[in-house]
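Enquirer: In the working numbering, the protein residues as written are 1 to 487.
All C-beta atoms in this analysis are idealised placements derived from N, C-alpha and C, irrespective of residue type, glycine included.
These figures come from a predicted structure and were not determined experimentally.
The structure's right below; bear with me while I get my questions together.
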């Protein structure tokens, strides 16, 4: 017998807003509820309906994709045990419920029997409070947690749901400020259908300053003819067109592996451009020419991100929206001192929290296991030292690092040199450790030295040319003399 899953909508408010058919379904089979952070849950429990909350899944999962996959697994497993199970969700099961979409796929494959019991959605109350007819003015509902992507290229009336954190509000505000004046009016809707319901308007620029968001917060705004994140939407459209049949043959041939070298090249070119900025940037007077070059290089990197996302979407793995949502979730998860109740008053405390959370996410007890061995050697060593420093494995202070460096120099003097001489590696590592002790970036310092060397070499070549000397044929002593004068 095929297990049956009945998905029930709990509506946007208390038990009085739950449909009679939904209540009847809740009484017929075991109930799993996506979250007990819903006003109807406690009221229904008081009426004798038992519900098992799945909130713990969100707390344990690495990201939302993993959370929804685990929820679906548990729901299907429960249905297999009891023959039938009810999965209760806030609002309407057909609105903003990713797990329901995953259950539909399983039902299409014949793995489960699926019944959807509709509920009153928060958007039904929202339109009444806003006072607009969504059919008449073409209003759309978009996801606040992924606003830049979900609203890209849209205009007009937008109901922005899931504005459940200051981070999301800031993201929405910054995107809207690209197309609307700061004083533009937005409408805030909170806890619709509950006694604590609040609906009020404020200026766009105050959105993340004056609003205390919760999981029942939405924003309404009318952008008129202005396109939200229109430039990003155009970029994505162009990238898709290049990849599509009739587009660019080169783009059509690319794979993730073939593109990897270009992502690396663009990243290095971006770093080189950044080094052309003032060391105090963004503080001080902006060098607009250098910033224009940086904008160009960042565009190249962004195109690589978009390109890989399009390839992944073709494979059915993930979309650009998933990429955006994933980094949003990670930033919130790894900044509990901003979005949670953890205290961190210094950069060192922030980094310590970050490493601890990252280690928990990776599910490993090793401090260094997550460091990629494909990094450039100096950067690889720096990351290893940074991790080792957290548990006291590095020499203490500058004096300790200098002692290690002196010992390495002595070992090289006394050792036998060769292509595989590990003593040279020890010496280089000691120099990197000293840079850490001095608070310097060894990678940046070595790159800066290379740039100075390059400039000096070019000056020597210019001096040699002015004196009719060909450095390729000159004696070493002549080249060294020119080098000294060029400096």
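If you follow the alpha helix (DSSP H) that residue 318 is in, where does it begin and where does it stop?
Expert: No alpha helix (DSSP H) contains residue 318, which DSSP labels as neither H nor E.
Enquirer: Based on Cα-Cα distance, which residue from 153, 159 and 152 lies nearest to residue 127?
Expert: Closest by alpha carbon: 159.
Enquirer: Report the option in 274, 279 and 309 whose CA atom is closest to the CA atom of residue 298.
Expert: Among 274, 279 and 309, the Cα nearest to that of residue 298 belongs to 274.
Enquirer: Identify the continuous beta strand (DSSP E) that holds residue 140 and give its terminal residues.
Expert: It spans 140-143 - the beta strand (DSSP E) in which residue 140 sits, taken as one unbroken run.
Enquirer: Between residue 259 and residue 270, what straight-line distance do the alpha-carbon atoms span, to the nearest angstrom?
Expert: Going by the C-alpha atoms only, they are around 17 Å apart.
Enquirer: Given this structure, state the Cα-to-Cα distance separating residue 474 from residue 458, to the nearest angstrom.
Expert: Rounded to whole angstroms, residue 474 to residue 458 spans 16 Å at the Cα level.
Enquirer: Which residues mark the beginning and the end of the beta strand (DSSP E) in which residue 190 is found?
Expert: Per DSSP, residue 190 belongs to the beta strand (DSSP E) from 185-190.
Enquirer: Given this structure, state the Cα-to-Cα distance separating residue 278 from residue 164, to the nearest angstrom.
Expert: Looking at the two C-alpha atoms, the distance is approximately 38 Å.
Enquirer: My assumption, with CB atoms under 8 Å, is that residue 170 sits in contact with residue 189. Please give the rounded CB distance.
Expert: 18 Å between Cβ atoms; not a contact.
Enquirer: Specify the secondary structure class of residue 388 as computed by DSSP and reduced to three states.
Expert: Residue 388: helix per DSSP, three-state reduction.
Enquirer: Output the distance between the C-alpha atoms of residue 344 and residue 483, rounded to the nearest integer angstrom.
Expert: So the two alpha carbons sit approximately 51 Å from each other.
Enquirer: Can you tell which of 33, 68, 40 and 131 has the C-alpha that lies nearest to the C-alpha of residue 52?
Expert: The candidate whose alpha carbon is nearest that of residue 52 is 33.
Enquirer: Suppose contacts are defined by Cβ-Cβ distances below 9 Å. Is residue 93 in contact with residue 9 by that definition?
Expert: Taking 9 Å as the Cβ cut-off, residue 93 and residue 9 qualify as a contacting pair.
Enquirer: With DSSP as the reference, please indicate the residues paired to residue 200 in a beta bridge.
Expert: DSSP, once it has assigned bridges, lists 188 as partnering residue 200.
Enquirer: Helix, strand or coil, according to DSSP, for residue 273 in the structure here?
Expert: In the structure shown, residue 273 sits in a helix (DSSP, three-state: H, G or I).
Enquirer: State the DSSP-derived secondary structure class of residue 44, mapped to helix, strand or coil.
Expert: In the structure shown, residue 44 sits in a helix (DSSP, three-state: H, G or I).
Enquirer: Helix or strand or just coil, what does DSSP make of residue 52?
Expert: Looking at residue 52 - three-state DSSP - the assignment turns out to be strand.
Enquirer: Where residue 124 and residue 215 are concerned, what is the direct C-alpha to C-alpha distance, given to the nearest angstrom?
Expert: Spanning the two alpha carbons is a distance of roughly 17 Å.
Enquirer: Compare the C-alpha of residue 263 against each of 324, 309 and 21 and name the closest.
Expert: With distances taken between Cα atoms, residue 263 lies closest to 309.
Enquirer: Taking a contact to mean a Cβ-Cβ separation below 9 Å, would you say residue 11 touches residue 5 in this structure?
Expert: Not a contact, by the Cβ cut-off of 9 Å.
Enquirer: Quick one: residues in its chain with C-beta nearer than 6 Å to the C-beta of residue 3, no 5 flanking neighbours on either side, listed in chain order?
Expert: Answer for residue 3: 79, 80 and 112, listed in chain order.
Enquirer: For residue 415, collect the residues of the same chain with a Cβ closer than 7 Å to its Cβ; drop the 5 residues on either side in sequence, then sort them by chain order.
Expert: Answer for residue 415: 421 and 423, listed in chain order.
Enquirer: If we ignore side chains and look at the alpha-carbon of each, how far apart do residue 467 and residue 448 end up?
Expert: Distance between the alpha carbons of residue 467 and residue 448: 29 Å.
Enquirer: Cβ of residue 289 within 9 Å of Cβ of residue 281?
Expert: Cβ distance not < 9 Å, so residue 289 and residue 281 don't count as in contact.
Enquirer: Report the partner residues of residue 113 according to the DSSP bridge assignment.
Expert: Answer is 4.
Enquirer: Using DSSP with H/G/I as helix, E/B as strand and the rest coil, what is residue 157?
Expert: If DSSP states are grouped into helix, strand and coil, residue 157 belongs with the strands.
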